[in-house]
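Sequence lines, in order, name chains A and B. Counting in my numbering, the first sequence runs from 15 upward without gaps. Counting in my numbering, the second sequence runs from 1116 upward without gaps. The C-beta atom is built at its ideal place from N, Cα and C for all residues, glycine as well. Notes for the one structure printed next.
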Amino acid sequence: NAGVTQTPKFQVLKTGQSMTLQCAQDMNHEYMSWYRQDPGMGLRLIHYSVGAGITDQGEVPNGYNVSRSTTEDFPLRLLSAAPSQTSVYFCASGNSGHEQYFGPGTRLTVT
Amino acid sequence: AQSVTQPDIHITVSEGASLELRCNYSYGATPYLFWYVQSPGQGLQLLLKYFSGDTLVQGIKGFEAEFKRSQSSFNLRKPSVHWSDAAEYFCAVGFKAAGNKLTFGGGTRVLVKP
């Protein structure tokens, strides 16, 4: 199993550009989520999904969209990047009531 | 509002000394509790977890944690620290009604002196 994979590892965007962060898992987990990590703030939940076709907002959803068309994939879209979205983004997956497994992260810089 | 507090932002410890990292949470229901470790530039690795049962939980790399309901705490301990334990440690809390949504503390960065 590859576990949770994320691409790209690094990305630089200009303000106003859009992009998609990819996340895939091969563990048949029902639950997937996106977090952002900022210094001193731990990880904050952006969006999550409890299964294909079902998504919901987390703590900091503004400026981000998600969809879950398959069990395996959970892409995160930045519609119009802003400097405040400079962060490290982690995707995670797990089954309900169990621990989550995290991907290696995507470091995003918005200039 | 639900919250998780890690009071210590940085801790410096000598190699071979003991380590204790504090975590306090504010929740109404009985939580699921986790400790994750993050080495520089890496993702998060689960050290240990508590769902129910014995309140003293053993994890990987020689770590343990104790759930104290009366104090709303889940402190992480290691009897003898190795240089490779230098990393950032995150406490996280979830609960059954919220599915797998986790709330994280702000993290504690551990530096190990030779």
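Taking 8 Å as the threshold, the shortest C-beta distance from leucine 1136(B) to chain A does not fall below it. As DSSP reads the structure, threonine 123(A) sits in a beta bridge with Val26(A). Phe1205(B) is the residue among Lys1216(B), Phe1205(B), Asp1200(B) whose C-alpha sits nearest the C-alpha of phenylalanine 1189(B).
Chain B has no Cβ within less than 8 Å of the Cβ of glycine 67(A). In this structure, DSSP gives glycine 1209(B) an extended state, which the three-state scheme calls strand.
Of the other Cβ atoms in all chains shown, fewer than 16 fall within 10 Å of the Cβ of isoleucine 68(A); this residue is therefore exposed. Secondary-structure assignment with DSSP links tyrosine 45(A) through a beta bridge to Gly108(A). For the pair isoleucine 1124(B) and arginine 1224(B), the CB atoms are nearer than the 8 Å cut-off. In this structure, the alpha-carbon of glutamine 1173(B) lies about 44 Å from that of threonine 125(A). The distance from the Cβ of leucine 1162(B) to that of glutamine 1153(B) is about 10 Å, inconsistent with a contact at the 8 Å cut-off.
By the 16-neighbour rule on beta-carbons within 10 angstroms, arginine 1184(B) is exposed. Relative to the Cα of glycine 65(A), the nearest Cα in the group Met55(A), Asn42(A), Asp52(A), Arg50(A) belongs to Asn42(A).
The C-beta of glycine 1222(B) comes closer than 8 Å to at least one C-beta of chain A.
If you draw a straight line from the Cα of aspartate 1169(B) to the Cα of glycine 54(A), it comes to about 31 Å.
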